[in-house]
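See structure below.
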Amino acid sequence: MGAQSIVEKKRQYIMPCLGHFYKEPPQFVKGAMQYLFDAEGRKYLDCYAGVSVINCGHCNPAIVDRMVEQMRELQHVCNIYLTENFVRLAERLASITPGRLQKSFFCSTGTEANEGALLLSTLYTKSSEYLALESGLHGRTKLTMSLTGIGMWRTDPTPVGGINFVPNPYCYRCPLGKKYPECDLECANRIERVIKSSTSGRPAALIAESIQGNAGIVVPPRGWFARVKEILSKYGALLIVDEVQTGFARSGKMFAIENFDVEPDIMSVAKALGNGQPISAFISTAEIADVYTRPGASTLGGNPVSSTAGLAVLDYIEEHDLCGAARERGAQLMRGLRALQSKHAIIGDVRGLGLMVGAEFVRTDGSPAAEELDAVIEELKDRGFIVGKNGVGRNVLAFQPPLVISEADIDDVLNALDLILTARDW
Ligand SMILES: Cc1ncc(COP(=O)(O)O)c(C=O)c1O
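In terms of our numbering, the sequence shown opens at residue 1414 and continues consecutively.
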């Protein structure tokens, strides 16, 4: 069809809320592990993995073959009937998720998993008051959008009440103007103030991403999660950890929350669990899960094919040590970006964990260099590299590649970025 015709049909038949990257967008027609190919036969190194989904590589035969085999046997009956794969996947998730997380509910998207996690927290605590972080993103439904702390994604003009936002742990541009560690985690301490001043004193939960993705890859400082959990426990509120973007080896651990030494009460997962197949889940301790006794089912949640994809993904991550790969390649990428930062003033900050790494573009006055970043991303694409963009100021270059990316690939994208920044003389 060609990129131009797709753009035209999108304009005619797709709701205009759905934008797309690039002034001149390619039409992707094929994927193979860390590479993508467009309709004109050009090859690209994918450094965004379809927004942190394709952790195991595009069309990975080890996963696709198992899905195809399952599709030929039994595709769907709904889990109100007995099939085997979803309970095997739930058992596996219980064994790899942190702490006492044990019982899962399967659904299809990250939004749905968060919505379910929030419902469960309400059932358990009998409260409908929630806390969320500024600049967090949790989904598109009424409640998850209301808990999203980025104006650009808050389209609903009448959000749900009973929600309070607290400052996010964004040390590069601290919302409270403090410096870590002298701040004594003032942003976390604020949670107590907000609970006391703006809630009934017993909120259901705080929902937080382990690393804020859309906020611009904001990694909480040491001790932040522990302090948050301590405060929440004091008020009987649960900690819901949103691992939709950070799960499944992305951060160098199976789940990013494992980098922070706290046990979530409820955790949501999606994206990379299916490596492109729609599957998500929320998982909690048995004690919390066991209050969810009224009927609840998702038609497609954990169907035999999606569950097979999940099981194949977990096997692939373990058999190929993708946690180790994320740590090694992530350290290489971070070193390379830090070297570029010392050479190009437009890179104000480099941060991340594993292969979730961001480079924040800033002007000399410290303001977000969003247009400059757009130009860089367009040129990287023209040179054969697909990278992401996020941040409240839309000025963070995001690297979240398939975890099968090679050492030479990382060198290639760093060299291309260096050439572009040098030519523009920023
Ligand atoms: C952290 C986080 N939570 C939830 C969502 C929503 O997931 P989905 O688009 O699968 O509904 C996203 C989507 O990007 C996300 O990044």
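All C-beta atoms, glycine included, are put in the ideal place defined by N, C-alpha and C.
For C1736, count the other beta carbons within 10 Å of its own beta carbon; 16 or more makes it buried, fewer makes it exposed. Which is it? Buried, because 16 or more other Cβ atoms sit within 10 Å of the Cβ of C1736.
Have a look at the DSSP bridge pairing and note the partners of A1545. F1578 and I1620, per the DSSP bridge assignment.
Endpoints, the alpha helix (DSSP H) within which A1710 is located: Counting along the chain, no alpha helix (DSSP H) covers A1710, and no H or E run does either.
heavy atom of ligand 1 below 7 Å from H1551 C-beta: Yes.
Suppose the cutoff is 8 Å on Cβ atoms and the five residues either side in sequence are ignored; what does the same chain contact list for Q1515 look like? Excluding residues within five positions, the ones whose Cβ falls inside 8 Å are A1507, I1696, S1697, T1698, A1699 and A1702.
Give every residue of the same chain whose Cβ lies closer than 8 Å to the Cβ of K1436, excluding the five residues on either side of it in the sequence, and list them in chain order. The answer, listed in chain order, is E1791.
Interface flag, M1414 vs chain B, CB-CB below 8 Å: Of the chains in the structure shown, none is chain B; there is only one protein chain.
Where T1721 falls, given that 16 or more other Cβ within 10 Å makes a residue buried: That one is buried.
At which residue ranges does the stretch 1431-1478 contain complete beta strand (DSSP E) runs of 3 or more residues, listed in the order of the chain? If we require 3 residues or more, the beta strand (DSSP E) runs fully inside the stretch 1431-1478 come out as 1441-1445, 1448-1451 and 1456-1459.
Just reading off the alpha helix (DSSP H) that T1730 is part of, what are its end residues? Reading off the sequence, residue 1730 comes out as Ile, not Thr. That run of the alpha helix (DSSP H) goes P1717 to E1732.
Which partner residues does D1655 have in the DSSP bridge list? Answer is E1622 and S1681, bridged to D1655.
L1514 (DSSP reduced to helix, strand or coil): In the displayed model, L1514 falls within a strand according to three-state DSSP.
Check the C-beta distance from M1769 over to S1646 and give it rounded, since I have them as a contact under 8 Å. Between S1646 and M1769 the Cβ distance is about 28 Å, and since that is not below 8 Å, they are no contact.
With respect to 7 Å, is the separation between the Cβ of T1706 and the closest non-hydrogen atom of ligand 1 below this value? For ligand 1, no non-hydrogen atom lies closer than 7 Å to the CB of T1706.
Report all residues from its chain with a CB closer than 7 Å to the CB of T1510; omit the five preceding and five following residues, and keep chain order. Closer than 7 Å at the Cβ level, and outside the excluded window around T1510, lie F1668, M1680 and I1696.
Since I believe S1534 is in contact with A1617 (beta carbons under 8 Å), could you give me their beta-carbon distance rounded to a whole number of angstroms? In this structure A1617 touches S1534 by the C-beta definition: roughly 4 Å separates them, less than 8 Å.
How far does the alpha helix (DSSP H) with D1795 in it extend, from its first residue to its last? Taken as a continuous stretch (DSSP letters only), the alpha helix (DSSP H) holding D1795 covers A1783 to D1795.
Residue nearest to I1620 in terms of C-alpha spacing, selected from L1724, L1550 and S1613: Looking only at L1724, L1550 and S1613, the smallest Cα-Cα distance to I1620 is reached by L1550.
Tell me whether A1788 counts as near ligand 1, meaning its Cβ is closer than 7 Å to at least one heavy atom of that ligand. Checking every heavy atom of ligand 1 against the Cβ of A1788, none is found closer than 7 Å.
So if DSSP puts T1698 in a beta bridge, which residue, or which two residues, is it bridged to? Partner(s): L1514.
Just to confirm the assignment, what range does the beta strand (DSSP E) spanning D1762 have? Element bounds for D1762: I1760 to L1766.
Of the listed residues T1557, G1804 and P1815, nearest to I1730 (C-alpha basis): Considering only alpha carbons, the answer is P1815.
Give the DSSP-derived three-state secondary structure of F1638 in the structure shown. Helix.
Going by the DSSP bridge assignment, what does A1811 pair with across the sheet? BP columns for A1811 point to G1771 and G1801.
Let me check you understand the geometry: is the CB of D1655 closer than 7 Å to at least one non-hydrogen atom of ligand 2? Looking for ligand 2 in the displayed structure turns up nothing; the ligands present are ligand 1.
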